[in-house]
DNA sequence: GACCAGGCACATC
DNA sequence: GATGTGCATGGT
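Numbering (the numbering used here), first residue to last: 40 to 261.
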């Protein structure tokens, strides 16, 4: 087995042992996962929760209701999540596709291969690679590895990648060295976010990190 | 008051 | 293809 594969698996074991199952994504339904995936772009999850709660209270948290909500009203409701005008437009784009082309039926929207679903999602303006992968993994429960800032930081700080590693490179690093299993990808990404929040922020607190015994403490780019 | 947080599209070179 | 910029709230 390659060095990378050994490290990827050892990291997982160490994280899983320390933290246990994460039971992601923190949402009640696949549709809420989709909404949350847009709202959490470059944004603290706590703020997203407030926005989702506003949508719920306004009874706008389902495909058809959200489709019928005017842009300005939507922006107002999701305000706590920040970038509210941009996100209202992005959310509208995604919901418009879901409702107008798939009748608001998530199973229909999610049908087919991971590759085809990913293309379908990336065609929506406002859905980039991380958002698409999050929806595929956490809403559709299909195997794709989600890369985010935490994935990058943890992998860089612990010597798995170089500073200029691209998204797809990081994604392949995990996918090529793990069995193709949606449950495993789900758990692994959630654990990375967990250790990222606890220990691997821009200003790292490496003491007590479950990955402490691995090569670490490489500086992050500014 | 600065810094940070589970990105993305767009302009420009 | 790489790099820079606007978008915005709420917690530390």
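In this text, a Cβ means the ideal position worked out from N, Cα and C, and glycines have one as well.
For the options 185, 202, 44, 101, the alpha carbon positioned closest to that of residue 226 is the one of 185.
Measuring C-alpha to C-alpha distances from residue 74 to each of 250, 175, 228 identifies 175 as the nearest.
Counting every other CB atom within 10 Å of its CB across the protein chains shown gives residue 68 a total below 16, marking it as exposed. About 15 Å separates the beta carbons of residue 112 and residue 120, which is beyond the 8 Å limit, so they are not a contact pair. The Cβ neighbour count for residue 241, taken over all protein chains shown within 10 Å, is under 16; the residue is labelled exposed. Taken atom to atom, the span from the alpha-carbon of residue 151 to that of residue 246 is near 44 Å. Residue 241 sits in coil when the DSSP states are folded into three classes, being neither helix nor strand. Judged by DSSP in its simplified three-state form, residue 70 adopts helix. The DSSP-derived three-state label of residue 183 is coil. Judged by their CB atoms, residue 61 and residue 229 are nearer to each other than the 7 Å cut-off. Separation of the CB atoms of residue 77 and residue 130 is rounded to 5 Å, and the pair is thereby assigned contact status at 8 Å. Cβ neighbours of residue 221 within its own chain (closer than 7 Å, five residues either side excluded): 176, 180, 181, 182. For the pair residue 66 and residue 72, the Cα-to-Cα distance works out to about 6 Å.
Looking at 238, 252, 234, 144, the one whose alpha-carbon comes closest to that of residue 55 is 234.
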